[in-house]
Every structure is written in C-alpha cells, then in structure tokens.
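This report concerns only the one structure given below.
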Amino acid sequence: MNSNNSNKRKGNPRQNCSFLSSASFFYTIPTFLYGRRKGFDEDNMYETVDGFRSKLLGDKLEKLWCNELKNALRTKSVPSLRKVLCRAFGLQMLTFAALLLVVECVIKPAQAVMVGRLVSFYTLDNVNTGVLPYAFGIIFLTFLNTALFHPYIANSQMVGLKAKISCGSLIYRKALKLHYTALCKTSVGQIVNLLSNDAVILIRFSVIVNYVLIAPVQCLVVTYLMYQEVGFSAIVGVLVIVLCTPFYYFLSKGASKYRLKTAMRTDERVRFMAEVISGMQVIKMYAWEKPMENILNSLRKFEMKYITLSSYTKAVYLTLDVLLIPTSLYVTILVYVIHHQLTADNVFSLTVFYTTFHFTMAWSLPQGLCVLGETLISIDRITKFLTSAEIILNDAEKTVANSCAIEIIHGTAKWNTEITLENITFAANPGSLIAVVGQVGCGKSSLINALLKELPLTSGRISVNGSVSYAPQDPWLFGGSVRDNILFGQKVDLLRYKEVIRVCALECDLQLLPFGDNTIVGGRGSSLSGGQKARISLARAVYRQADIYLLDDPLSAVDLRVGEQIFENCIKGFLKGKTVILVTHQRQYLKDCDRVIALESGTILSEINWKEANVFAREQISEVASPTLQFQALDGKTKDAQNKEQISRGSVSKNVYLSYFTLGGGIGFTILTLFLLLLCQVSVSSSSYFLAYWVNAVDLGNETAAGQNLEASSASNQNIYIYSTITLFCIVIASVRAYMFYTLCLKSSNRMHGNMLSSVLRATMRFLNTNSHGRIINRFSQDLETVDTQLPTVCLNALQAFIGIIACIVIIAMVNYWVLLSSFIIGIMLYLLRAFCLVTIRNVKRLEGITRSPVFEHLGSSLQGLATIRAFKGEEILQKEFDQHQDLHSCCHHLFLSTTEAMGALLGYVSGIYVAIVTLTCTLIGNGMLGGNVGLAVTQCLQVATYMQRTIRQSAELENQMTSVERILEYDKIEHEDSLGREAPTLWPSKGEIAFHNVNLAYYLQGPLALRNISFRIMPNEKVGVVGRTGAGKSSIIAALFRLSYLTGKILVDDVDINNLNLREFRSKISIIPQSPVVFSGTLRTNLDPFEEFEDCDLWSALDKVELKEFFSALPLGLDFGIDQGGSNVSVGQRQLICLARIILRKNKILVLDEATASIDLETDKLVQRTIRKVFEDCTIITITHRLDSIMDCDRIMVISAGEVVEFDRPSILLKNNEGHFYKMTQQL
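Numbering-wise (numbering that gives the first Met the number 0), the sequence shown opens with residue 0 and increments by one.
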C-alpha cells in the first residue's frame, strides 16, 4: 500500500558471489569500505538476497504447515511445527554440521597432540631434531580451524535466519485469519513477542544445536587420545566433565522453565504497555500516569522475578565454565602423580585437550541444551498461536440473479458467553438502502460483523450475495499517505478517485493538508481530526467497486452540513443502485431510506417506515457549520506525523557504558565487581603458572641426575597443597564474581525500564504523535529483552576474555620476553581491524534495530483493522507490505551476521599469525628453554588466540547490544511535559471560572497556530457549548485547557494561572469525557478507580447513575468483571458510559465533553445528558458537539472558526443575528 517501500535498492554483493568468495568472506570487503565511507541507511541498503525473501520462505513453510495440519487431522494427532521446521531446514543444518565435526573432532584434538609432541622435545637433548614439523603443524591447524569454523557459523546463522523469516511470515499470515475469540486470548504484545523473541531464537539454535550431536563424538576421540598420554588418570578427569553434564542439563531445564514464565510475563507487560501508548492522551487528561506506571512496574516486578532466577542460573553455569578446566586438570594430575612423574608434555597436551573438551562439553553442549529447551518452548508457543481458531470466510461472492443481496434467517450469534444477536431474520433486496438504529449495546455493530462473517452464527443461516465493502465505526487508518489509505492497494482510477474525494467532502481538507493526499497520516491517523479520519475511511469503502456497502455509523463524526452533503452525494447518489446497510443515530436521514431496522437487545424490534421511525425516536438534530466559514491550515498535526527514526553514528558513547554500570549499583559496586573479575583470572593463570613451575622442577631434577629424590619431591604434599589452595581459591572467587556481576546487570536493566517508562509517561503529546507506537514498543520489547537476558552474559564474557588476554601475555612475557614486541604489534593490528570493521557493523546493527520497528508496527496496525482488511480482501496486499518490511529488516540482519563473521575470520587469521610468531620463536631460539616454559608459552598463545577472537567478537557483540541500552537511554532525553509547579490551593477550584487571555496554541514549535490569540471568560457553573466545523479548532480548546501542547498567553481557573500549577495535580481537577472512549484491559473496578480511592458502594452508585449497575451486577464477577484489550467485550456506548461513571466518582468542579455522544444512539445520548444535568448541576461544563439540540439549553454558545472565537453569547441572542455563524448553522437543520 505504501509506495515508499517499493523503491528499488542496489544489488546485494552476496547474491551471485563465488564459493571461494563466500567461504573467505571476500564479498564483504566492498560492504566494509562503503559502510566506512558513507554509511548505510534505509535508502541505500542492499536488495534482499533471493533465498531470504519473506514471501518465498513464507510460502514454503506455509505449504509444509498446511500439509502437517492435514496429516494431523487425518491421523487425529497434534500438528507439530517442530517437524515442519525440520523438514524445511533440518537437512541444511546437518550439512553444515560436517564442517563442525572436522573442526571439533579432528583439527582441535590434532592440535593438542602436536603441542604434546612439540613440548616433549624440550625434555630431551635433541631440540633441533624434528621439532619444526610439529610447530608448523600447530600453525597450519590454527589457520585451518579459522578457515572452517567461521563459514560454519555464518552459514548456520543464515539457515536460522531463514527459519526466523519464514516463521515471521507465517505468524503474520495467521494473524490476518484470527477469529475474534482467538484475538481476545492473544494480544498484540503477545504476537509481537512471538516475532521479537520466539522466532529470533532460531538463529542461535541453528548454530549451537549441532554441538549436541558433535559432543559425544568429540568426547570419545579426546578421551582416547588423553588415555594414550596419561592412562587411567585421563578417564578420571573426563568423568568430572561428563558428570557435570547432567547438572548442566538441569540448569538448562531450569533456564527453559524460567524462559517460558518470563515470556508469559513479558507478553502481559508489552500488551498492557501497547494499550497505555495507544491511550496516552486520555491517560494524561485523567492524570492517570501514576496508576498506569504502578501497574506496569508491578508487571515488571513479576517479570523480573523469573529473569532474576534465569540470570542466576546462568551465573552458576558461567562459574562452572571458568572452573571446569582447572578442576578437571587438577583431578587428572592428582591421580597421575600418585604413580607417575609429572612431565611438561603430559601437562600441556592435557591442557589443550581439556580446553578443547571444555569448549564443547562445558560451553557449547550446555548452551546447546539450554537453547534447545528454549527453542522448543518458543516453537510450541508459535505452534499454539498457529493452531488458534480462524475465521471462516466464504470466498465465493457471486451475485445470484433475482435473489436477495443479504438474507439472515433465524440468526443467533454471540461474541463470548452472552448472546449478542438472537433469532434475527431479515432480507435486503439488491439496490436497497437500509438503516439500522437502536440503543447502545443493542447489537448494531454485531449485525454488521455478522454480515462480514467476523461474528459467526451459532444457529440460523446467513447469505451475502455479492462483494462487500465496509466502513467501520472506529475508523482504521494505517501509517501511509491519505491516498494510500483510500486506494488500499487497488489500481488508480483517477476519475473515480476524484469523484470519491468530492462525494466524501474531502476536497477542502486535502487543500489544507501540507502535501495534499500525499500527506502521511501517522499511525492510526494520529495527524487527522476525527471527522477527517471518518471521511477517509468512508472514501476507502466507497472507492472499492462492490455490490454491498456496510457503513457503520460513518456520519456521526462530521457536522450536519457535511453529513447531509455526504448522505446526498455519496450514499444516495454515488452508491445509488448498490445495496447499502447504514448504521446511524441521526434520524434525519431515515426518511430517505427504503427500510429502517430497529434493534433492541440483539433482536429486531421492528422493520418500519420513516413515519414509524419518527415515532420510535424523535429526529435528532446535529450541529452544522456555516458554508461561508473561511478557515486555514490550523492543525499543526496535519503535518507529516511520522518522524523518521534517527540512526546514531559512530561508536557507542562511553557515557552509555558508564550509565549502564552506575545504574546497577554505583561506581563503588562496579569497581568491586571488576576487581573480582581480575582476581578470578589471576587465580586461573596462577594455576597454569604453578604447573609450569612444577614440571620445570622435575626436568631440572632429571638433568642433575637426582631423579628419584626429585620424583618424590614433585609428588610432595607441598606442591599438592599449593595447587589445591589455588584451585579452591579460584572456585570461591569465580562463584562470587558471577553473582555480583549479574546482580549489577539486573539492577541496571530494571532501573532503565523504570526510567524509560517514567520518561515516556511524562513525554509530550508531540513526541507521542510523531513517533510510531511500534517504534516505542520496540524499546519495551526487543531492546529491553536484549538488555535483560543477553547483554549481561555477553558483557561478562567480553570482560573476562579481555582480562584473559592481558594475563596470558604477561605469562608469555615472563617465559619469553621476545614476544612482547610481537604482542604489541598484533594487538595494534587487531585493534585497527576491529575499529575498521565496527564502523560498518555498528551502523548495520543500529539500522537492523530501526527497520525492526516497522515490522512490529505493521503487525499491530493490521490487528487493529482486521475487520476492515478482511472485508476489503486486503490480506494479500497487507501480506505483501509485511514482506517488504520484513525483507528490509532481514537484509539488514543478514548483512549484520555476514559482516560480524567476516570480522571474526579476519581476526582469526591475525591471531593465527600471533600463534605462528610465538611458536616459531620458542622453536627457533628456544634451545635453552625448559619444557614447562615452552609448553606454558605455546598453550598460553593458543589461549590468547582464542581470547583475542572472543574479546574482539564479544566486544563487537557487546557494542551491538549496547545500542539497545543506547536506544533505551535515548528515551530519558525525550521532550517532557513541564511537571513542575506549585500545588494548587486547598479545595481548588471551588467556583469553576475559566478565563483565556490572548492564548495561542500550536502542535509543534514554530508550527502553524491552531488557536489564534483567543480570549474569553466562562463564569462559575456556566454551561457553554462549543461549535464549529471539523478542523476549526474546537478540540484545540481542550488541548490548551489541559496543557497538551505549546501555548502562549494565560489561562486562569478561579483566578489561578494554570501554567504555574503542578501539571498532574491540575489535570486531576478537571474531568473530561473524550470523543473516543478508552478503557484498559483489567477489571471494571480498575477502569473506574485505578487509584483505589473509593469503596465498592461508591462504584456501584456511579454505575447506577449511568444505568450500568443492572447489567454488571447480573454478571458473576460484578466489579471484577474482566475488560478485554481495548474494551472489545463491551460496546462503544457502554465504554462511554464507563467513562461517564469515572467522572461522576471524581466530583470535579469543571467538566469537558469532547464529542462525547457522537458515536452513541439517541437514547444513550439522552441518558448521558440527563445524568450530566443532574450530577453536574453545580459545575462548569464545556460541551463540544455536532448535535445542536444538545447545547440549545446551554447558558452560552461559542462558535470557533479558523482558530478564533467568532461568536460567544446566549443562544437566544445568537439566533437573532441573521448574518451570524450560529444562525446560519441552525437554518440548515
């Protein structure tokens, strides 16, 4: 729909590259050069690689899933997405596992054997005989390991990325088919979580799962080779690692359990956060920021409970990771020295063996089991969603000659347990215009939904013969241009398009918009007035060529003159000859309808003609605007509402790191934690150094021909005690440092969430209107999930690896100072290489985060407009646009993974050069070196190579993940409302007097004025009606009164300047019933009294006054009746009455009604008006409305035009002025 997504992008260098270029990552060099020179953004990103296109992968997985559903239905079994994913991608994963098998079971064990042979020469007197082949063998295997390992990682990640893309596409396709009951059980936040967390884990799974298969093979190979070296002692050491594996399994199982519970809690928090963002304007006007913050913090507290348990589980795991090599080596040596003399070749070949074994058994296998458990849970969550109930739509829409266009026979339907439509029978002939009227909650919208097949019948039969178009009661617009929203993916018929614009009264509005019909309307049409949104929604319905048009109260949001123009030109004129079902509360149109259906409590009260309809309910008079009113582009909100998300450039600021750590416990706690990390590495390195000292003592003893004494000495209790003490100290420090580090990170992430939440709740409406909801939710879902669960582990690994490099280089220098210069040079090379690569990787990672937001936003927007999408058969169009969004994001993700692995490979080759330098230095100029020192140097340089890669890779990943911290911290700096100010006087306001003095208002700084130098005074207890054409500035009066935007001048309430008062306290003193009633998921009680200030009797009293007590008291839960997301299980009218009950409880002196009865029927309107007159008799009331009859009894009426007050006087006086604006309005009734 949005043409912006269709821009042609440049070809991807990965598309047609050769095998050699792919394996060597040579194809990424132009990417690094371009990224360093210009940088990437959405406009210059590559085209998506063909094999990673969302549509292609989605089609593939959907076909397999449909076959699985058929097989499950045939065999009466449960459909398994696990099987489907295995069929789709399992073979590719196993193919790349062959590379891993060679690396882990051939190259690494062979390298350990080579080290042992090399060191053994230094225990004999033939250093120069045959040593070089082993040295070159170590070097060759180091380079070969890099050449095979990184292509394995890259290609495995690509398979996982394909699985993630295909699952994302399948999830979206399913979302477009969801039945209403499934929608009630599945929130937008939950579905976003499936995309942002559950699908993403498939990438990690594809890399690590092969270790679960490889580990047993490597275990057998390494055990056999170690047995050849040290005999039975090797088996004892291996048993230590093997016996730890079940413990790792239980840790993984526990982590999986906590992962599931965390995901459930995250779903709840993100879902409610999405509701809060959508209803933020109402929250601000109610001054409900604090209770909303409390609810979200409470949800976060429950979430953090399981995140904490999961994190401490990881802390235990990482502690074992540090301890397993020293402990296994300790046990092996302890058993070996009982009957044998310890030698350097034994010790250091064992060290390399255990390092190899450790990476697989203590790191990759447990990680694989953990990720396997988490992935299975995630796949099961996706499966549960994919097996949710679907809506059943009849695609056959052939108009049958001489048949009814619509026919319902004894139709009964219900949304949940309560029957909504009961025994409905009616038929509509082709070309007829039928009006549907009735009170709030009588079933008018349910009837429309039944005709759309959104509400299935539980009994009876329904027939709709012909194509259908639909305009919903609550207009649904997506974040594209006005033209995109009207065309909705259909081909442009310019003549029809212009005619639709005319008959829907949009010509004048398009002239006022800054870019005409190319103006971006913002998410859910946030940049437009309610009337404009309603007319664009109607224009979309009318533009579509259809046989039947279902119009759910489209005229309630426009004034009478515009409404009559639309009714005459559009409904009676343009749609003449079409079948039209018109839901309306405006009785003046009923006389022109062929038939009128009156509904009551879900049944047809009667089918009546116009005269009977006039008896049923007197004609309702609506507000009208003068045709002579001249107005300008008043609302700054009609500008492009969606600011493009900015991409940060350069490295993540040091202040971001500082903020992250200081939020976790301050400078002191951070320094103490870092000191423990250093101390842990010192203890580990001390263990290796002591072993070298020990075997050197043995070698020196052999050379002095004092073998037997020294043999006894080497096995003496003193060496064992020292070695045992070092190992024990290592165990204690490793345990404490992991606990403290995770504690620091958990505190930091929790405080960041609290700060970000508080900041967003205090944000200006300008920020909320110009940043898409998906963009904001992305911070609270994906970014926060990264900070909660991934960042602590990556950060700890990066720090520990960096400290490990320093420790290893220090030890090597103590053994062979010649390598200091090469260490420095290689360090500089690695740093420069990292700096060169990270420019592009950071840029692409940030872009990946930014392009992720439109995917979530598109999903959320689609779920809000499902009925409209399905009525227009727009699923294919929306799916295409989702694929475009996902393709752009996937291209960024693909590029990020490719460049990251390319950097890893380059670092591996440079590290290999370092291994070559150290090994050859020891070999060529090491005639006088002891075997223990040579073994220590070689094993430490191999560890340096590993640590260097891990440090660079982990630091790069750390910086990438720190972009999530950066994005979260950015929201601390957003524009906030000025919440400072003094407290209001006691019992203020006591009179309710309001005075505007030279007030100007704009919706953004330096923007056009929506109110122009207006001044007026409303007296205490005065009832004032405010009228004016759509867009004239009526709602801007409310924005000024509630200080929702930028204003100058003074507004006095009871002679107190509200600009000097505390914003929250001030807003809480004014009540408002908004145009669109907003309720939040929770209970009826929390929606009425979020502060928990009132007794139950007060709540029931308020409900009684709005005539809802009988309805809710009849329900089993009463005040604890659950409200679904968006109030979907109560009607629009009932939502509005709940809003009225809220303000009755508050008992404020000032009440504002903003088109409060525009979308409700006449009887409910009368109930609202009657209640307000009775309860708020002694209050000041400002009523903004389109219904002139509802304000005729006001003390005074204010007419707004072009942001100015053009008339303000008693109705009787205004009606005497034949040239006045108000008089002309009434003449058009």
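Just so you know, even glycine gets a beta-carbon here, dropped at the ideal spot from N, CA and C.
- Judged by DSSP in its simplified three-state form, Arg482 adopts helix.
- Our two residues, Ala87 and Gly442, have alpha carbons roughly 46 Å apart in a direct line.
- The beta carbons of Ala806 and Val681 sit closer together than 8 Å.
- For the pair Gly530 and Gly562, the Cα-to-Cα distance works out to about 10 Å.
- In this structure, the alpha-carbon of Leu1214 lies about 7 Å from that of Phe1221.
- If you look at Glu1203, you'll find it in the beta strand (DSSP E) that goes Glu1203 to Asp1208.
- By the Cβ test, the stretch 217 to 232 is not in contact with the stretch 293 to 304, since fewer than three Cβ pairs between them sit closer than 8 Å.
- Assigned with DSSP and collapsed to three states, Val1055 falls in strand.
- Put simply, the backbone Cα of Tyr946 is about 12 Å away from that of Gly826.
- The distance from the Cβ of Gly167 to that of Leu143 is about 37 Å, inconsistent with a contact at the 8 Å cut-off.
- Taking 8 Å as the cut-off, the Cβ atoms of Leu1150 and Leu756 do not count as close.
- If you check the CB distance, Leu1087 and Leu1144 come in under 8 Å.
- In the same chain as Pro471, and ignoring 5 residues on each side of it, the C-beta atoms closer than 7 Å to its own belong to Ser536, Asp551, Ala866 and Thr867, in chain order.
- Residue pairing for Leu432: DSSP places it in a beta bridge opposite Val579.
- Excluding the 5 residues flanking it on each side, Val281 has same chain C-beta neighbours closer than 6 Å at Pro1073 and Val1077, in chain order.
- The beta carbons of Ile213 and Tyr226 sit no closer together than 8 Å.
- Between the C-alpha atoms of Leu676 and Ile802 there is a straight-line separation of about 8 Å.
- With a 10 Å radius around the Cβ and a threshold of 16 neighbouring Cβ atoms, Phe674 comes out exposed.
- By the neighbour-count criterion, in which 16 or more other beta carbons inside 10 Å mark a residue as buried, Tyr223 falls on the exposed side.
- Distance from Thr578 to Ile603 at the Cβ level is roughly 18 Å; contact not present, criterion being Cβ atoms closer than 8 Å.
- In the DSSP assignment, Gly459 falls within the unbroken beta strand (DSSP E) covering Leu456 to Val463.
- Between the beta-carbon of Asn999 and that of Leu1008 there is about 5 Å, and that keeps the pair under the 8 Å contact cut.
- For Val1023, the three-state secondary structure derived from DSSP is strand.
- Counting other Cβ atoms within 10 Å of its Cβ, Thr1179 reaches 16 or more and is therefore classed as buried.
- Counting only residues of its own chain and dropping the five nearest sequence neighbours on each side, Phe1120 has a CB closer than 7 Å to the CB of Thr1082, Leu1083, Phe1111 and Leu1114.
- Here Asp1192 carries a coil assignment [DSSP, helix/strand/coil].
- Straight-line spacing of the CA atoms in Ile1196 and Ile1069 works out to 20 Å.
- Each residue's CA atom was taken as its position, placing Ser377 and Glu498 some 50 Å apart.
- For His975 against Thr763, the beta-carbon gap comes to about 7 Å, under 8 Å, which counts as contact.
- The Cβ neighbour count for Arg981, taken over all protein chains shown within 10 Å, is under 16; the residue is labelled exposed.
- By the 16-neighbour rule on beta-carbons within 10 angstroms, Asp882 is buried.
- Boundaries for Glu599: no alpha helix (DSSP H) harbours it, while the beta strand (DSSP E) harbouring it runs Arg594 to Glu599, taken from the DSSP string.
- Cβ neighbours of Thr962 within its own chain (closer than 8 Å, five residues either side excluded): Ser647, Val651, Arg841, Lys844, Arg845 and Gly848.
- Secondary structure at His409: strand, using DSSP grouped into helix, strand and coil.
- Residue state for Glu292 is assigned as helix, using DSSP reduced to three classes.
- When DSSP reads this structure, Asp551 sits in a beta bridge with Val582.
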